[in-house]
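Reading through the structure tokens given below for one structure.
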Amino acid sequence: YTKETLDVRETTSRQVASAFIVILCCAIVVENLLVLVAVGRNSKLHSAMYLFLGNLAASDLLAGVAFIANTLLSGSVTLQLTPVEWFAREGSAFITLSASVFSLLAIAIERHVAIAKVKLYGSDKSCRMLLLIGASWVILLVLGGLPILGWNCLGRLDTCSTVLPLYAKQYVLCVVTIFSVILLAIVVLYVRIYCVVRSSHA
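This is the structure we're talking about:
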């Protein structure tokens, strides 16, 4: 095998993988779009639970779009991106995935509240739920935009992350810590739900 042959095979395999990812993301976008249409058109699906499910579908839809863009702007195209464009590419994927995680946490909290029979949400509280969802998006936009605002390792190569080269190690550690806590909270909530359901049927 020559180096040229290996390069061609590597390029071909990368293109096949990229095409598969794009097709998968397109399917995700379409599926979540159908969910949003169903929730939007059916007035019976406007309770707190379905608002959170709608937000989860919107987050996953945007994540699909972001990953399509991320895939198309990866590989050799990466070297042509400016730092701001690179941060925008990575940040968009991060923000949309983070929104999905936040939505899962909100759904877990709502289910725990419902199982515990503590009525915090009424039919007239949809506005509060929308404000909560909007506030979470603002927080995620700020968190995802911190590298563009200056929390990066440009000019300080010794602080750069190995996996995400332009991100500062401290930023990556902060984000990983936050989402580890969120995922742990989701697990704890569902364990509590399981315990409540099991004890009620004992």
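Numbering (this note's numbering), first residue to last: 3 to 204.
Beta carbons are placed, not taken as given, at the ideal position from N, Cα and C, and that holds for glycine.
Here the structure is a predicted model, which means the values were calculated and not measured.
DSSP places A118 outside both helix and strand once states are collapsed to three, so it counts as coil.
Residue pairing by DSSP places Y169 opposite N154 in a beta bridge. Judged by DSSP secondary structure, G56 falls within the alpha helix (DSSP H) whose first and last residues are A50 to L74. Taking the C-beta atoms as reference points, F89 is found nearer than 7 angstroms to P149. Using a Cβ distance threshold of 7 angstroms, L191 and A137 do not count as a contacting pair.
Residue pairing by DSSP places C162 opposite A170 in a beta bridge. Considering only P85, L145, L143 and Y169, the residue with the shortest C-alpha distance to N154 is Y169. Using a Cβ distance threshold of 7 angstroms, A65 and L99 count as a contacting pair.
When the beta-carbon positions are compared, I23 and H114 stay at least 7 angstroms from each other.
Residue state for T98 is assigned as helix, using DSSP reduced to three classes. Note that the C-beta distance between S20 and T73 is below 7 angstroms. Straight through space, the alpha carbons of M51 and I30 are spaced by roughly 21 angstroms. Taking all protein chains in view, the Cβ of C27 is crowded by 16 or more other Cβ atoms within 10 Å, so the residue is classified as buried. Here the alpha carbons of S201 and L156 stand approximately 55 angstroms from one another. When secondary structure is reduced to three states using DSSP, L142 falls in the helix class. The distance from the Cβ of L63 to that of N34 is about 4 angstroms, consistent with a contact at the 8 angstroms cut-off. Under the three-state reduction of DSSP output, T84 falls in the coil class, being neither helix nor strand.
Rounded to the nearest angstrom, the Cβ distance from V67 to F181 is 21 angstroms, too far for a contact under 8 angstroms.
Counting only the Cα atoms, A60 lies some 18 angstroms from C129. Around the beta carbon of L133, fewer than 16 other beta carbons sit within 10 angstroms, so the residue counts as exposed.
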